[in-house]
Amino acid sequence: MTDPTLPPLPSLPALPPLPAMGPVTRRVPPAGARREWQDAEVVAVRDETAHARTVRLHLPPGAETHVPGQHYVVRMPREDGSWAQRSYSAASAPDGPAERAAGPHVELTVERIDDGELSPALHGVTVGDRLSVRGPFGGWFVWRGDVPALLVGGGSGVVPLAAMLRHRRRGGLATPLHLVVSVRGPQDLFYADELAGAPEVTVVHTRVATPGSARPPGHLSAADLRPVLASFADGGPTCYVCGSTGFAEHAGQLLVELGVPSGDVRVERFGPS
Amino acid sequence: MPILPGRRRPRDPRLPPGQYDAGDGFPVLSAEVTPRVDLDTWSFRIDGLVDTPVTWTWPQLRALPHSTYEGDIHCVTTWSKLGTSFTGVSVDTLLAAAGVREEATHVVAWSVTGYTTNLPLEHVTGELAWVVWEHEGRPLPPEHGGPVRMLVPHLYFWKSAKWIGGLRLLDHDEPGFWETRGYHALGDPWSEQRYDGD
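Going down the list, the sequences are from chains X and W.
Quick note on numbering: the numbering used here labels position 168 of the first sequence as 169, and the sequence is numbered without any gaps.
Quick note on numbering: the numbering used here labels position 44 of the second sequence as 325, and the sequence is numbered without any gaps.
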């Protein structure tokens, strides 16, 4: 801490400002703000595809609700006393104040990695099981419903974007939003009953097209994104790109090549965890 | 609560708590679009509380004495990469050229994308930090922060800013991009300092 009685340092005011990515929306409290592990109850499970399952959790009363785009850390004990932990994005819209008092709910969609450690075990949980979770975390890849948003997801990268879309629907928000989701084929689309055919959703198939579809299967292209971008009126949207490293690099570069300022693109890459 | 079986293999002592061995993999995690950095116009600058602010062009940086870090790196998302290597110039060498003023206590490392991260000065001096351009003998790829990134391997890897543009020395701590968005101010993997207050 600088001694206030000292004269100001001569060189600092002359420095150019450092660059920044977006405004700082939150300052860390000096004492920190540790989020503790919480005991959550599994209240529902449901299959999304042959490889992905959603686990609905009930958090303790008073627990913080997430902002769409945030993630939770789930841990499970091993027989040897150590813990395995992984992060999973929230798929559900945040609960309102009424539900929050009795304990908010959050849905995590877990893609099964056959040689993974946590995901096969999470596919085995049943209603009534208890899980240890921590969160919500993340302050960048979040959408509060206040700015026009173009969401671009690949495969399981749709999960945090679904939370944004569901938040907009649940709240009846008028903020423009469009979701483009790229999957191998119709069988691989998470939340298909909510997404397929919806006016604010574009589904791109890379390997297997829907019968009768005019678009041949193929990777996400500028031709897929251009009309969606054009549908946003003045200003242009904040873009949220989520998927594997390969997908995120590809989609991010497409958006920049289409004229989106790189500062308007937020990216979340899924590692192989 | 479901219980996982114990590990199939004994735990590698190089792994900090809560981390797993990513093996040959090198996952990519960054919050922004990978920029295309042009080395003909790129430069690296040290400014703030220094005797003489210094800017190096790419050829000037490459002309400095190199050194190679061989060891491990740890990402807050729980992967670690063991026994890897990076080549570049030690931050000690760069700071010596600029001359650190007595009142400096912290640095902000900043990237051409606008990404920033804060580091106590004692965590980037004493052969703890580098500015690197090679990974395992090859040019650092853009998605991993190439052509030039920071390397602070004893802290979680978000401190090793990709696409580095410079270091600014300050007389106070100035939390950076992730540190103002829920992540720990220091990020020591051996103390599992992942999030605020850990």
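Quick reminder that beta carbons are idealized off the backbone N, C-alpha and C, glycines included.
Asked	Found
Every unbroken beta strand (DSSP E) within the region 199-267 of chain X, with a cutoff of 3 residues, ordered by chain	202-206, 239-245
Exposure label - Pro108/X; buried when at least 16 CB within 10 Å	According to the sequence as given, residue 108/X is Glu; it is not Pro. Buried is the call here.
Neighbourhood of Thr246/X by C-beta, 6 Å cutoff - its chain only, sequence neighbours within 5 removed	Arg270
Cβ neighbour criterion (16 or more within 10 Å) applied to Asp81/X	exposed
With 16 other Cβ atoms within 10 Å as the buried cut-off, status of Ser157/X	buried
Residues that Glu100/X contacts on chain W, provided the C-beta gap is smaller than 9 Å	Under the 9 Å cutoff, chain W gives no residues; its nearest Cβ is about 23 Å from Glu100/X.
Proximity below 7 Å, CB of Ala85/X to CB of Leu119/X	yes
Exposure of Gln188/X, with buried meaning 16 or more beta-carbon neighbours within 10 Å	exposed
Three-state secondary structure assigned by DSSP to Gln341/W	helix
Close beta carbons around Leu400/W, own chain, < 7 Å, minus the five adjacent residues each side	His387, Val388, Ala390, Val433, Lys440
Same chain, Cβ closer than 7 Å to Arg216/X, five either side skipped, listed in chain order	Ala210
Alpha-carbon to alpha-carbon, Arg135/X and Asp40/X	9 Å
Unbroken alpha helix (DSSP H) run spanning Arg1/X, endpoints	The structure shown has nothing for residue 1/X, since chain X only spans 2 to 274.
For Thr336/W, the three-state DSSP class (helix, strand or coil)	strand
Reduced DSSP secondary structure (H/G/I, E/B, other) of Ala53/X	strand
Candidates Gly155/X, Pro17/X, Gly63/X: closest to Glu281/X by CA position	In the structure displayed, chain X extends from 2 to 274; residue 281/X sits before or after that span and is not available.
Limits of the beta strand (DSSP E) - the one that Glu42/X falls within	39-48
Tyr396/W at chain X interface by Cβ criterion, 7 Å	yes
Tyr350/W to Gly213/X span [Cα, whole Å]	56 Å
Cross-strand partners of Trp84/X (DSSP beta bridge)	Pro78/X
Trp360/W - partner residues in DSSP beta bridges	Tyr301/W
Cβ-based burial, Met77/X [other Cβ within 10 Å; buried from 16]	buried
Validate contact between the region 290-298 of chain W and the region 44-52 of chain X using beta carbons, cut 8 Å, 3 pairs	no
C-beta atoms of Gly1/X and Gly463/W nearer than 7 Å	Because chain X in this structure spans residues 2 to 274, residue 1/X falls outside the shown range and cannot be described.
Gly447/W, buried or exposed, once every other Cβ within 10 Å from all chains shown has been counted against 16	buried
Among Met282/W, Glu417/W, Lys362/W, Val357/W, nearest to Tyr476/W - alpha-carbon criterion	Val357/W
Bridge partners - Trp411/W, DSSP secondary structure assignment	Ser371/W, Leu432/W
8 Å contact criterion, which Phe191/X and Ala53/X should meet: CB distance rounded	6 Å
Within 8 Å of chain X by C-beta, residues of the region 368-396 of chain W in sequence order	Glu384, Val389, Trp391, Ser392, Val393, Thr394, Gly395, Tyr396
The region 59-92 of chain X: positions lying closer than 8 Å to chain W by Cβ	Met77, Pro78, Arg79, Glu80, Asp81, Ser83, Trp84, Ala85, Gln86, Arg87, Ser88
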